[in-house]
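These notes are about the structure you will find just below.
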Amino acid sequence: MDRRIKNTKEKIRVCFVELLRKKPIDEITVTELCEKRDINRATFYKYYENQYDLLDKLEQDYIREILDDIEKSGSEEFPMLIRPIIEKVKSTQDYFSILISENGDRRFRDKVFSLCYKENMKIIDGYFKNCDETQKKWLFYFMGEGLNGIFRRWLADGMKESADDIVRFAKAVVDSVNEGFEKHNG
2 MDRRIKNTKE
12 KIRVCFVELL
22 RKKPIDEITV
32 TELCEKRDIN
42 RATFYKYYEN
52 QYDLLDKLEQ
62 DYIREILDDI
72 EKSGSEEFPM
82 LIRPIIEKVK
92 STQDYFSILI
102 SENGDRRFRD
112 KVFSLCYKEN
122 MKIIDGYFKN
132 CDETQKKWLF
142 YFMGEGLNGI
152 FRRWLADGMK
162 ESADDIVRFA
172 KAVVDSVNEG
182 FEKHNG
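Start counting the sequence shown at 2; every next residue gets the next number (the working numbering).
If you want it as structure tokens, here you go:
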């Protein structure tokens, strides 16, 4: 991408996040954004349809970065897949908090954490060998909702715990469930 285009898009994005910090997306206009950064409206519309499209693209980029981090980790072991998500959210805490705030998209937190759902189904197949397909789906939702609950509580408590703490805890829970399931079906 041309450096000028990249700089222009970055200026727009930074300004947009600054505005989201102060007010809801519904109250942000393209005109305001362009005036604040001295950017022509035509330039804005070259890259984004409106402020909602801009927010969606910010979210997509964030999720793509997490997926890249998951891929780079090379781990296919549960719950190691959640580590890159936790680390990304913690390292971008201010930015992430703005995106999930009342001013942004409150559903974004669930979008980010649903990445675990998609990756975990592959792992459930190998980890819970004694399960039939229905039970694997149940486990998928049980683990996914449980991890989502841990994630929400961690966010609400100010993200004090490390990724290692959360991964160790999640692994212990999953191992316990697996042991219990093996005893039950063994």
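Just so you know, even glycine gets a beta-carbon here, dropped at the ideal spot from N, CA and C. No experiment lies behind these values; they were computed from the predicted model shown.
For Lys-138, which residues in the same chain have their Cβ closer than 6 Å to its Cβ, ignoring the five residues on either side in sequence?
none
Can you list the alpha helix (DSSP H) stretches of 4 or more residues lying completely in the stretch 55-134, in chain order?
83-92, 94-101, 109-128
Pull up the distance between the alpha-carbon of Asp-176 and that of Tyr-128, whole angstroms please.
9 Å
Beta-carbon contacts of Asn-41 that lie in its chain and below 8 Å, excluding the five residues immediately before and after
Cys-35
For a test of the three-state rule: what should DSSP assign to Met-144, helix, strand or coil?
helix
What are the start and end residues of the alpha helix (DSSP H) that includes Asn-8?
4-23
For Glu-162, three-class secondary structure by DSSP
coil
Look at Ser-74 and Pro-85 and say whether their C-beta atoms are less than 7 Å apart.
yes
Through-space distance from Asp-158 to Lys-130, alpha-carbon basis:
36 Å
Measuring alpha carbon to alpha carbon, tell me which residue in Cys-16, Tyr-49, Lys-112 is nearest Glu-33.
Cys-16
Buried or exposed: which applies to Ile-87, given that a residue is buried once 16 or more other Cβ atoms fall within 10 Å of its Cβ?
buried
Under the rule that 16 or more other beta-carbon atoms within 10 Å means buried, what is Gln-222, buried or exposed?
Any question about residue 222 goes unanswered here, given that the chain covers just 2 to 187.
Cα-Cα separation between Leu-156 and Ser-115, rounded to whole angstroms
15 Å
Note down the Cα distance separating Glu-19 from Arg-153, rounded to an integer number of angstroms.
24 Å
Taking the straight line between their C-alpha atoms, what separation do you get for Glu-103 and Glu-183?
43 Å
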